[in-house]
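Asks: Below is one structure. I have some questions about it.
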Amino acid sequence: MNDPFDFDKAPDEYGVMGNPIAHSKSPQIHAAFAKQTRQRMQYSALLVDLGGFPQAVGNFQANGGKGVNVTVPFKQDAWRLADEKSERAQLAGAVNTLIFSENNLILGDNTDGVGLLRDIQQNHKIELKGKRILVLGAGGAARGVILPLLEANPAKLVIANRTVARAITLAELFNQYGAVEAASYQELSGKQFELVINATSASLHGELPPLPNDLLATESACYDMMYGADPTPFLQWAEQHHCHKRMDGLGMLVEQAAESFMLWRGIRPETTALIEQMRSHS
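Numbering-wise (our numbering), the sequence shown opens with residue 5 and increments by one.
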């Protein structure tokens, strides 16, 4: 690991690549982690032209960069670019963390799923073993979290999507890892779940998937992977339907960043105070 106290050389360079990127909270998060763990590093938000991702990564690596986070719309590009991928990244079909190795290989990982699990299980103290879990959506956000959810040993995991064929494809991809099945939103009628995770982008557009009124079990939890200053439409729905515990994606954002930081620096930062601080300023 790099000596964090070697002040004779420039700080190690990291960044997050996306388009758009100005809204990213990642520089703020990683600056806080670096200060807390006394790591000598810089982390920048990097706007990348559409179609220019491989070149941007190559330039950053050639200029001595140590690693990058990757956000929309480049996570699939990063997956294709990586020379080696972790199992969770391989199955996610997307990479959000690139690590540049000593021998110039590009290593790809995906920390979204583990970030979600750490937030749900450790920050919110929710046990997933034996629970019925529903994931709304069958896009990249859903695909990135299904393996860690199945590894938590739920009774079953259902993927629901407007286009049910996409949910079926996803369920088949992961069925060797646990009890996973697909459903249309209409087929959810009469079924109940202890945990419902919104992995659709509907919240960004102020929309909500068509959910039945009897979806939630008595002791239920609802998690929206999106977050904002106000509760998302999904979390408003959860409150109206007497959901026991409602959570947004801010903790997941910080926890996936902490996992990336650990992959790069070999040290796991503490996250609780930062999540609370960011929530009070949102």
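Virtual Cβ for every residue (Gly too), placed ideally from N, Cα, C.
Among Lys13, Gly97 and Gly255, which has the Cα closest to the Cα of Thr173?
Replies: Position 169 of the sequence shown, counting from 1, holds the residue named residue 173. Selection Lys13, Gly97 and Gly255 evaluated against Thr173 yields Gly97 as nearest (Cα-Cα).
Asks: Please report the distance separating the alpha-carbon of Leu177 from that of Val184.
Replies: In the sequence shown, residue 177 corresponds to position 173, counting from 1. In the sequence shown, residue 184 corresponds to position 180, counting from 1. So the alpha carbons of these two residues sit roughly 10 Å apart.
Asks: For Glu88, count neighbouring C-beta atoms within 10 Å of its own C-beta (all shown protein chains included) and say buried if the count is 16 or more, exposed if not.
Replies: Stepping through the sequence shown from its first residue, residue 88 is reached at position 84. Exposed, by the Cβ-count rule.
Asks: Using the C-alpha atoms, what's the distance from Ile201 back to Gly55?
Replies: For this step, residue 55 is matched to residue 51 along the sequence shown. For this step, residue 201 is matched to residue 197 along the sequence shown. Straight-line Cα distance between these residues: approximately 32 Å.
Asks: Assign Arg44 to one of three DSSP states: helix, strand, or coil.
Replies: Position 40 of the sequence shown, counted from the first residue, corresponds to residue 44. Coil at Arg44, not helix or strand.
Asks: Cutting at 7 Å between CB atoms, please list the residues of its own chain near Pro216, excluding the five before and the five after it.
Replies: Numbered from its first residue, the sequence shown carries residue 216 at position 212. Within the same chain, Pro216 has close Cβ partners Leu192 and Ser193.
Asks: Quick check on Glu263: buried or exposed, where buried means 16 or more other Cβ atoms within 10 Å of its Cβ?
Replies: Within the sequence shown, numbered from 1, the residue matching residue 263 stands at position 259. Glu263 should be labelled buried.
Asks: Here's a check: name, in chain order, each residue in its chain whose Cβ is nearer than 6 Å to the Cβ of Ile279, leaving out the five neighbours to either side.
Replies: As a position in the sequence shown, residue 279 is number 275, starting the count at 1. Correct list, in chain order: Gly255 and Val258.
Asks: Thinking just about the alpha-carbon of each residue, which of Asn165, Ile103, Gly119 and Glu198 is nearest to the one in Gly141?
Replies: As a first step, residue 141 is located in the sequence shown; it is residue number 137 there, counting from the start. Here the closest residue by C-alpha is Asn165.
Asks: In chain order, which continuous runs of the alpha helix (DSSP H) of length 4 or greater are located wholly inside the region 109–163?
Replies: 116–122 and 144–155
Asks: Would you list the one or two residues that DSSP bridges to Asp16?
Replies: Here residue 16 corresponds to residue number 12 of the sequence shown, with the count starting at 1. Bridge partners of Asp16: Met45.
Asks: List the endpoints of the continuous alpha helix (DSSP H) containing Gly62.
Replies: On the sequence shown, residue 62 is found 58 positions in, with the first residue counted as 1. Here the alpha helix (DSSP H) through Gly62 covers Phe57 to Ala66.
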